[in-house]
Amino acid sequence: MNIHALFLIPPCSNSSSSSMPLFLLLLLVLLLLLDDAGAQQGDGCGHTVLGPESGTLTSINYPQTYPNSTVCEWEIRVKMGERVRIKFGDFDIEDSDSCHFNYLRIYNGIGVSRTEIGKYCGLGLQMNHSIESKGNEITLLFMSGIHVSGRGFLASYSVIDKQDLITCLDTASNFLEPEFSKYCPAGCLLPFAEISGTIPHGYRDSSPLCMAGVHAGVVSNTLGGQISVVISKGIPYYESSLANNVTSVVGHLSTSLFTFKTSGCYGTLGMESGVIADPQITASSVLEWTDHTGQENSWKPEKARLKKPGPPWAAFATDEYQWLQIDL
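Quick note on numbering: the sequence shown equals residues -39 to -1, 1 to 289 in mature numbering (1 follows the signal peptide of the UniProt record, and there is no 0).
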């Protein structure tokens, strides 16, 4: 547990009014020190970002095998009145002798007054499992002894009201909806992960959502935040690019891709994904005719959807006043 010490040195002047600005400044520094988001200590700590409302942490060497005889303790603190939710993107700590030598302990609270929530090893914590604290502080203690295998773990946390928290390992292929919104934790700029694509053309479905969000500029690596995702049909080739200190790599054909809904020009309407329903698409006129077989044909407004097979929408009239309207 980190202990902050601050020594107040009285000013030379005997005037209480002249000492007030210095006192207030020192008090502000003290409050900032006591209000940090958390701390870590030990030689078993991996990638760690502990933000005020969310964060991400891993065991040392993750996703490679963690070394023997290491320890790391993370102390996480959020605002008073809040609680903490922890979600695991991956968990693989060798199960030997009932978690005696290699384990992760999770506690309610920090310091001597903390109480144990659980002790975990093996494959006991999966992606759909989350742990919630009773108060605004929680401690994670990772210990490794002599072992043969085990990747360790990756965990993300957020305040409890972020119901749609995901981890930094979640990709678009983990979700079935054509459009969805999720909460990304801080710290998803992972040194061992990679993304493919760019914001104008979309990201390959194998790309971690939150790391792509940092690349696209829709979420902060330091603070985390909400992302809105739209799934579309994949493309044959994904370009590489550098943006926001994240480098995307070249990618090849995939079944699907994803983009982010934003307030800027890169936002998508949902015409391809089907989020916009047929009744929301109207037009000034529709080209209709009967062919030589007696088959009736209609090039309706909903045929204006993107990347769909078959004929598009066509207006009956050929003047310049024809229009297509999409109600959002």
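By construction, the Cβ of each residue, glycine as well, lies at the ideal position given by its N, Cα and C atoms.
Keep in mind that this is a model prediction, so the values were computed, not measured.
Reference residue i, options the options, closest by Cα
i      : options                           : result
Ser209 : Ser193, Asp239, Gln256 and Leu170 : Leu170
Gly106 : Pro13, Val211, Gln256 and Ser30   : Ser30
Gly148 : Lys123, His8, Glu140 and Gln283   : His8
Phe221 : Ser215, Phe141 and Ile237         : Phe141
Ile78  : Ser94, Gly72 and Val190           : Ser94
Lys123 : Tyr144, Leu11 and Asn205          : Tyr144
Ile237 : Ile192, Pro197, Pro28 and Leu214  : Ile192
Leu150 : Asn182, Glu281, Ser168 and His213 : Asn182
Leu18  : Pro152, Asp125 and Glu55          : Pro152
Pro240 : Val247, Pro262 and Gln2           : Pro262
Beta-bridge partners of residue i, as assigned by DSSP
i           : result
residue 290 : A query on residue 290 cannot be resolved here, the shown segment of the chain reaching from -39 to 289 and no further.
Val191      : Glu140 and Thr220
Ile54       : Gly83
Trp260      : Leu248
Cβ-Cβ separation, residue j to residue i (assumed contact under 8 angstroms), whole Å
i      : j      : result
Ile92  : Ile67  : 6 angstroms
Ala276 : Ser245 : 6 angstroms
Phe103 : Gly5   : 5 angstroms
Arg266 : Leu218 : Arg266 to Leu218, Cβ: 16 angstroms. No contact.
Met41  : Asn97  : 6 angstroms
Check whether residue i and residue j have beta carbons under 8 angstroms apart
i      : j      : result
Gly111 : Asp58  : no
Lys48  : Ala116 : yes
Val207 : Val175 : yes
Gly113 : Asn22  : yes
Thr128 : Glu34  : no
His108 : Asn63  : yes
Asn205 : Gly185 : no
Pro146 : Ser119 : yes
Ile121 : Val45  : yes
Gln286 : Thr243 : yes
heavy atom of the ligand FMN below 7 angstroms from residue i C-beta
i      : result
Phe103 : Because no ligand of any kind appears in the structure shown, any question about the ligand FMN cannot be addressed here.
Exercise for the section: Indicate whether the contact test is met: 3 or more Cβ pairs, each with one atom in the segment 192 to 202 and one in the segment 149 to 158, closer than 8 angstroms. Expected result: In the pairwise beta carbon analysis, the segment 192 to 202 is classified as touching the segment 149 to 158: at least three pairs are separated by under 8 angstroms.
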